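Q:
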Amino acid sequence: QVQLVESGGGLVQPGGSLRLSCVASRSIFSFVAMGWYRQAPGKERELVAIIGRLNGTNYDKSVTGRFTISRDNTENAMYLQMNNLKPEDTAVYYCNAASASGEDSWGKGTSVTVSS
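Heads up: the sequence shown runs through residues 763 to 878, numbered per our numbering.
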């Protein structure tokens, strides 16, 4: 199973930006989809953004226009550029990779706090 490691979280003021990274332990080319999920305190984990093998993307409506997901197969990495952050974006962000066989892999998460 692939290992996924997230980084780039931290404390940022409202309106600020962060770039999250997810680096895989092997090639990500074969994954049919990769995505970013988040879980706020007391809430269920939710999908933030997803990117397919051919770079098709989909976003939760709460982040559309502010977040951009991308993947770099040569770096075995996926990214989430987050702009105009809001306090409600505060959560632990998780990286997910889905294989063609239906196997899901998860990272351990990186914490994002948006506060003044």
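In this text, a Cβ means the ideal position worked out from N, Cα and C, and glycines have one as well.
Keep in mind it's a predicted model, so treat the numbers as computed, not measured.
Can you tell me whether T872 is buried or exposed? The criterion is at least 16 other CB atoms within 10 Å of its CB, across all chains shown.
A: buried
Q: Using 10 angstroms around the beta-carbon of F829, count the other beta-carbons present and answer buried if the total reaches 16, otherwise exposed.
A: buried
Q: Taking only the alpha-carbon atoms, compute the straight-line gap between V854 and R800 and give it to the nearest angstrom.
A: Here the alpha carbon of V854 sits roughly 5 Å from the alpha carbon of R800.
Q: Expressed to the nearest angstrom, what Euclidean distance is found between the alpha-carbon atoms of S789 and G864?
A: 17 Å
Q: Do you know offhand how far P776's Cα is from P849's?
A: Approximately 6 Å between the Cα atoms of the pair.
Q: Spell out the partners DSSP gives A839 in its beta bridges.
A: Beta-bridge pairing by DSSP links A839 to V785, D834.
Q: When you compare only the Cα positions, how much space is there between G797 and L847?
A: 19 Å
Q: Please report how far the alpha carbon of E808 lies from the alpha carbon of L782, in whole angstroms.
A: 16 Å
Q: Using three-state DSSP, classify E865 as helix, strand or coil.
A: coil
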